[in-house]
Amino acid sequence: MQSKRRIVWVAAALLALIPSLALAQDTKKKVAFVPQIVGIPYFDAMEAGGKKAAATLGVEFIYQGPVDTNPVDQMQIVQNLINQGVDAVSVSVLDASSIAPVVEAAKAKNVKLFTSDSDAPNSGRALYVAQATDEGLGFTIVDEMVKRVGDDAKIGIVSGEATASNLNAWIGYMQARAKDKYPKLKLLAPQFAGGTAQRAAQIATDLMTANPDLKGLIGVASTTCPGVAQAIETAGKIGKVIGAGYCSPNTARAYLKSGALGYSVLWDPSDLGYLTVWAGKQLIDGKAIPEKVTPEGMSHPVTFDAKTGILLLGDPAVFTAANVDNYKF
Amino acid sequence: MRRFLSPFGGRESLLAAGCLASGLVFAYLSPYFATADNLFTVARNSNELLLIGLGMTLLLGVGGIDVSVGVAMGLAAIAVGRLLLAGAPPIVAALAGPIVGLALGFVTASVVVLGRIPAIVATLGLFGVYRAAIFLALGGSWLSGLPIGLTNILTANVLGAPLSLFVVAIAYLAVFVAMRFTPFGAHLLASGHSEAKARLFGVPVRRTLIAAYVVSGGLCGVAATFYVATYRNVEMTIGGSLALEAIAAVVLGGTAVTGGRLSLLGTILGVALLRLLQNGLLLVGVPSLWQTVVTGLLLLLVLGIETLGGSQLLGRVTSAFATRPARGAAR
Numbered sequence: 664m665q666s667k668r669r670i671v672w673v674a675a676a677l678l679a680l681i682p683s684l685a686l687a688q689d690t691k692k693k694v695a696f697v698p699q700i701v702g703i704p705y706f707d708a709m710e711a712g713g714k715k716a717a718a719t720l721g722v723e724f725i726y727q728g729p730v731d732t733n734p735v736d737q738m739q740i741v742q743n744l745i746n747q748g749v750d751a752v753s754v755s756v757l758d759a760s761s762i763a764p765v766v767e768a769a770k771a772k773n774v775k776l777f778t779s780d781s782d783a784p785n786s787g788r789a790l791y792v793a794q795a796t797d798e799g800l801g802f803t804i805v806d807e808m809v810k811r812v813g814d815d816a817k818i819g820i821v822s823g824e825a826t827a828s829n830l831n832a833w834i835g836y837m838q839a840r841a842k843d844k845y846p847k848l849k850l851l852a853p854q855f856a857g858g859t860a861q862r863a864a865q866i867a868t869d870l871m872t873a874n875p876d877l878k879g880l881i882g883v884a885s886t887t888c889p890g891v892a893q894a895i896e897t898a899g900k901i902g903k904v905i906g907a908g909y910c911s912p913n914t915a916r917a918y919l920k921s922g923a924l925g926y927s928v929l930w931d932p933s934d935l936g937y938l939t940v941w942a943g944k945q946l947i948d949g950k951a952i953p954e955k956v957t958p959e960g961m962s963h964p965v966t967f968d969a970k971t972g973i974l975l976l977g978d979p980a981v982f983t984a985a986n987v988d989n990y991k992f
Numbered sequence: 341m342r343r344f345l346s347p348f349g350g351r352e353s354l355l356a357a358g359c360l361a362s363g364l365v366f367a368y369l370s371p372y373f374a375t376a377d378n379l380f381t382v383a384r385n386s387n388e389l390l391l392i393g394l395g396m397t398l399l400l401g402v403g404g405i406d407v408s409v410g411v412a413m414g415l416a417a418i419a420v421g422r423l424l425l426a427g428a429p430p431i432v433a434a435l436a437g438p439i440v441g442l443a444l445g446f447v448t449a450s451v452v453v454l455g456r457i458p459a460i461v462a463t464l465g466l467f468g469v470y471r472a473a474i475f476l477a478l479g480g481s482w483l484s485g486l487p488i489g490l491t492n493i494l495t496a497n498v499l500g501a502p503l504s505l506f507v508v509a510i511a512y513l514a515v516f517v518a519m520r521f522t523p524f525g526a527h528l529l530a531s532g533h534s535e536a537k538a539r540l541f542g543v544p545v546r547r548t549l550i551a552a553y554v555v556s557g558g559l560c561g562v563a564a565t566f567y568v569a570t571y572r573n574v575e576m577t578i579g580g581s582l583a584l585e586a587i588a589a590v591v592l593g594g595t596a597v598t599g600g601r602l603s604l605l606g607t608i609l610g611v612a613l614l615r616l617l618q619n620g621l622l623l624v625g626v627p628s629l630w631q632t633v634v635t636g637l638l639l640l641l642v643l644g645i646e647t648l649g650g651s652q653l654l655g656r657v658t659s660a661f662a663t664r665p666a667r668g669a670a671r
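In the order they appear, the protein sequences are chains V and E. So for the first sequence, this note's numbering puts the first residue at 664; every next one is plus one. So for the second sequence, this note's numbering puts the first residue at 341; every next one is plus one.
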């Protein structure tokens, strides 16, 4: 008797829960984001931005991703989210060729699937939330350098792997900017350090030795950034040679403060996370995104190209000694 | 058997000639090469490779190999870096490097010697594990801008040279003494030559192998302390290419990959040649991608000349001028 009564109670409690669950589902739309990997500061920052957007825009934000950069695991997580019945899911794609099946699955369940941070073009995704263009990153780093050393200067470039297409694209835009806008600026041929800060430091030191009139050093790969900065510090050339690069505020912080790095150019991943959730809400609501719009809760406008489906966060962020402490990634 | 001690064997003289020749070419082509500052920089940039190369010399000599030395150094460097960031006295942080290194050496030794897994496979496995451990320990955020205390200690002026130079010299001297004046040297080379035969002659093969891996681990740990002191950051990709560089320098120096023969002086010269080329080619303005091509070709040239018999001639010429006859050259 005792156990039967308990079963009745539990069943009643469960029955009572169902409507409240259903209610919760009705009131808030669910936007999910699947990063390439969880537990690194970059995606932590995107998560924080997404949470902020969810609070502002009145949606529920789900953040789930693989513990290793494994495309198969990532696609399984996306599939699970679709099965759970989220309304929109965004992916920072690890492998553009493996995304097709989940795009189909999402369409079948009327889930809006889009990409963010890393794209899979021609996959049928609804849109792509892009952090910055290669052009923007390449131009900005040169413009910022000229602001500091003038346009009649010699600048060294230390890159990572010679095969990295994104790094080479940035270097290409740096050279194009120098050629078009600053004809007197002399960008030295890029040196490739591979993946280690150690080799980058060696190369940076040797470049300063070979070019005593060097005014600036740009570390293109995130691993070369600290190497370049350390080389400038060790050589006692802080202030004489301006270091720069594409590296996160956490990596650059100490060097920005010591003056070895003048600035670092990147984007703000928390803004990117915010924009991702905003874009998800627009898709769920079925609203067309205008060409230029300032999303609710953001301080600057973003641009949307309907033809390519790219929603662009905007100009890259420039981190300096003055603002670096505002960023935690 | 005693070839590793001869001051100017064939390979060593060839390498010395290579260093000198490339140095002269670079000095001719670039006014910045033959300056005290630049050569000092090259020497400072060689420290870690010299230490890891010393361990690798012993490992190859005993018939082993370890491709995880670079990432093992990385793990030890994280310990050093974290201690520095936590405000530990630099001397404590400095000692943490070798301690972690020795521990990792024990791990490698257990896997390879006690687990009886072929060294190249076992250490490739450890490479993967250590790389993942580095990733987890750093959690995607690198240690950067570490306090300068440790740097000041290792660059402290002792009798006109930085302390780090003495540490490297002492390491080489200690290994030299152990190789020449203790049974360890004979045991190591005998084991490297043929494990089975060495065992028949009563050589404690396993103990010798374990010792070699542990010493190599300890040296990686010292290298870690040097790395943190020099670059003051620990990045995710730390040490990725160091193992291959070390193997290249050691083999270049005349140590046999198959074991049974090693040269400490050869390793020093091998490291010197590699680092001189990296530095000089950049100073004279060789485009980045061609630098690796030129380096690769020169390595092939050095190894090729010996095969063609040129170095024997060179060896005889130089040994005629050496204060002590090159005992190895005749054997």
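Each residue gets a CB set at the ideal place from its N, CA and C atoms; glycine is no exception.
(request) Using alpha carbons as the reference points, say which of S911(V), T778(V), S927(V), P912(V) lies closest to L880(V). (result) The count along the first sequence starts at 1 and reaches residue 880(V) at position 217. Nearest C-alpha to L880(V): S927(V).
(request) Go ahead and label A589(E) buried or exposed: buried means 16 or more other beta carbons lie within 10 angstroms of its beta carbon, across all protein chains shown. (result) In the second sequence, residue 589(E) corresponds to position 249, counting from 1. Burial call: buried.
(message) Measuring CB atoms only, is the segment 810-820 of chain V touching the segment 965-976 of chain V, in the sense that at least three cross pairs come out at less than 8 Å?
(response) With the cut-off at 8 Å, the segment 810-820 of chain V and the segment 965-976 of chain V do not touch.
(message) Looking at chain V, is there any beta carbon in it that lies within less than 8 Å of the beta carbon of N619(E)?
(response) Working through the second sequence from its first residue, we reach residue 619(E) at position 279. Closer than 8 Å to some Cβ of chain V, the Cβ of N619(E) qualifies, so yes.
(message) By the DSSP assignment, the beta strand (DSSP E) with S386(E) in it spans what residues?
(response) Here residue 386(E) corresponds to residue number 46 of the second sequence, with the count starting at 1. Careful: S386(E) lies outside any beta strand (DSSP E), inside the alpha helix (DSSP H) at 376-401.
(message) Please identify, using Cβ separations under 9 Å, the residues of the segment 746-768 of chain V that lie next to chain E, in order along the chain.
(response) none
(request) Within 10 angstroms of the Cβ of Q739(V), are there 16 or more other Cβ atoms? Answer buried if so, exposed if not. (result) Here residue 739(V) refers to the residue found at position 76 of the first sequence. By the neighbour-count rule (16 or more Cβ atoms within 10 Å), Q739(V) is not buried but exposed.
(request) Measure the alpha-carbon distance for C359(E) versus L609(E) and round it to whole angstroms. (result) As a working note, residue 359(E) is residue 19 in the second sequence. As a working note, residue 609(E) is residue 269 in the second sequence. Between C359(E) and L609(E), the C-alpha separation is close to 8 Å.
(request) Would you decide whether R993(V) is buried or exposed? Buried here means 16 or more other CB atoms lie within 10 Å of its CB. (result) Lying outside 664 to 992, the shown extent of chain V, residue 993(V) is not represented and no answer is given.
(request) Could you name the residues of chain E that Y918(V) contacts, counting a contact when the two beta carbons are closer than 8 Å? (result) By one-based count along the first sequence, residue 918(V) stands at place 255. Within chain E, the residues near Y918(V) are S484, G485.
(message) I'd like to know if T983(V) contacts chain E, where contact means its C-beta is closer than 8 Å to some C-beta of that chain.
(response) Mapped onto the first sequence, residue 983(V) falls at position 320. Chain E, which has no Cβ nearer than 8 Å to the Cβ of T983(V), makes this no.
(message) When you compare the CB positions of R889(V) and S628(E), do they come within less than 8 Å of one another, or not?
(response) Mapped onto the first sequence, residue 889(V) falls at position 226. Mapped onto the second sequence, residue 628(E) falls at position 288. Here the sequence assigns Pro to residue 889(V), which means Arg is not the residue at that position. No. Outside cutoff.
(message) DSSP three-state label for V774(V), please.
(response) Here the question's residue 774(V) lines up with position 111 in the first sequence. If DSSP states are grouped into helix, strand and coil, V774(V) belongs with coil.
(request) Throw me the rounded Cβ distance for the G702(V) and V722(V) pair, which I believe falls under 8 Å. (result) As a first step, residue 702(V) is located in the first sequence; it is residue number 39 there, counting from the start. As a first step, residue 722(V) is located in the first sequence; it is residue number 59 there, counting from the start. Not quite, the Cβ-Cβ distance comes to about 24 Å (not below 8 Å), so this is no contact.
(message) Strictly under 8 Å for the Cβ-Cβ distance: is C359(E) near chain V by that measure?
(response) Indexing the second sequence from 1 puts residue 359(E) at position 19. Not one chain V Cβ lies under 8 Å of C359(E).
(message) Excluding the 5 residues flanking T565(E) on each side, which residues of the same chain have their C-beta closer than 6 Å to its C-beta?
(response) In the second sequence, counting from the first residue as 1, residue 565(E) sits at position 225. The answer, listed in chain order, is V420, A434, G437.
(message) Does the CB of T872(V) have a neighbour CB from chain E at under 8 Å?
(response) To locate residue 872(V), count along the first sequence from 1; it is residue 209. True, the Cβ-Cβ gap to chain E drops below 8 Å.
(message) At the 8 Å Cβ level, is N573(E) part of the contact set with chain V, yes or no?
(response) For the purposes of this step, residue 573(E) is taken as residue 233 along the second sequence, with counting starting at 1. N573(E) has a beta carbon lying within less than 8 Å of a beta carbon in chain V.
(request) Please classify Y512(E): does DSSP put it in a helix, a strand, or coil? (result) Taking the first residue of the second sequence as position 1, residue 512(E) is located at position 172. Y512(E) falls in the helix class under three-state DSSP.
(request) Would you verify that the beta carbon of P627(E) is, or is not, closer than 8 Å to some beta carbon of chain V? (result) By 1-based counting over the second sequence, the position of residue 627(E) is 287. Yes, because at least one Cβ of chain V sits closer than 8 Å to the Cβ of P627(E).
(request) Assign K991(V) to one of three DSSP states: helix, strand, or coil. (result) By one-based count along the first sequence, residue 991(V) stands at place 328. Looking at K991(V) - three-state DSSP - the assignment turns out to be coil, as it is neither helix nor strand.
(message) Given this structure, state the Cα-to-Cα distance separating P764(V) from A783(V), to the nearest angstrom.
(response) Here the question's residue 764(V) lines up with position 101 in the first sequence. Here the question's residue 783(V) lines up with position 120 in the first sequence. Cα to Cα, P764(V) sits roughly 13 Å from A783(V).
(request) Please classify D934(V): does DSSP put it in a helix, a strand, or coil? (result) Looking up residue 934(V) in the first sequence gives position 271. Three-state result, D934(V): helix.
(request) Kindly confirm or deny that the segment 696-710 of chain V and the segment 744-759 of chain V touch, where touching means at least three C-beta pairs closer than 8 Å. (result) yes
(request) With a threshold of 16 other CB atoms inside 10 Å of the CB of V657(E), please say whether the residue is buried or exposed. (result) As a position in the second sequence, residue 657(E) is number 317, starting the count at 1. Residue confidence for V657(E) is low, a pLDDT of 45 falling below 50, so the modelled location carries little weight; the figure read from the coordinates is stated next. V657(E) is exposed by the Cβ-count criterion.
(message) With distance defined between alpha-carbon atoms, name the residue in L850(V), T868(V), Q893(V) nearest to Y836(V).
(response) Within the first sequence, residue 836(V) is the residue found at index 173, counting from 1. It is L850(V).
(request) Using a threshold of 8 Å, state whether the C-beta atoms of V382(E) and R615(E) are closer than that. (result) As a first step, residue 382(E) is located in the second sequence; it is residue number 42 there, counting from the start. As a first step, residue 615(E) is located in the second sequence; it is residue number 275 there, counting from the start. Contact: yes.
(message) Is I881(V) close to chain E? Criterion is C-beta to C-beta, closer than 8 Å.
(response) Within the first sequence, residue 881(V) is the residue found at index 218, counting from 1. Not an interface residue.
(request) Check each residue of the segment 693-710 of chain V: if its Cβ is closer than 9 Å to any Cβ of chain E, include it; give the result in chain order. (result) The segment 693-710 of chain V vs chain E, Cβ under 9 Å: I700, G702, I703, P704, Y705, F706, D707.
(message) At the level of alpha carbons, what is the spacing between T983(V) and A917(V)?
(response) Numbered from its first residue, the first sequence carries residue 983(V) at position 320. Numbered from its first residue, the first sequence carries residue 917(V) at position 254. Rounded to the nearest angstrom, the two C-alpha atoms are 11 Å apart.
(message) What are the residues in the segment 795-820 of chain V lying within 7 Å of chain E by C-beta distance?
(response) none
(message) By the three-class DSSP mapping on this structure, what secondary structure does Q861(V) have?
(response) Along the first sequence, one-based indexing puts residue 861(V) at 198. Q861(V) falls in the helix class under three-state DSSP.
(message) Would N785(V) and S481(E) qualify as a contact pair, given that the criterion is a beta-carbon distance under 8 Å?
(response) Residue 785(V) sits at position 122 when you count from the first residue of the first sequence. Residue 481(E) sits at position 141 when you count from the first residue of the second sequence. For N785(V) and S481(E), no; Cβs fall outside 8 Å.
(request) Report yes if the C-beta distance between F475(E) and G557(E) is below 8 Å; otherwise report no. (result) Numbered from 1 along the second sequence, position 135 holds the residue referred to as residue 475(E). Numbered from 1 along the second sequence, position 217 holds the residue referred to as residue 557(E). Against a cut-off of 8 Å, the Cβ pair of G557(E) and F475(E) comes out as no contact.
(message) Quick check on the burial criterion: 16 or more other C-beta atoms within 10 angstroms. Buried or exposed for W833(V)?
(response) For this step, residue 833(V) is matched to residue 170 along the first sequence. Label assigned to W833(V): buried.
(message) Quick check: what's the CA-CA separation for T868(V) versus G713(V)?
(response) The residue given as residue 868(V) occupies position 205 in the first sequence. The residue given as residue 713(V) occupies position 50 in the first sequence. Approximately 41 Å, taken between the alpha carbons.
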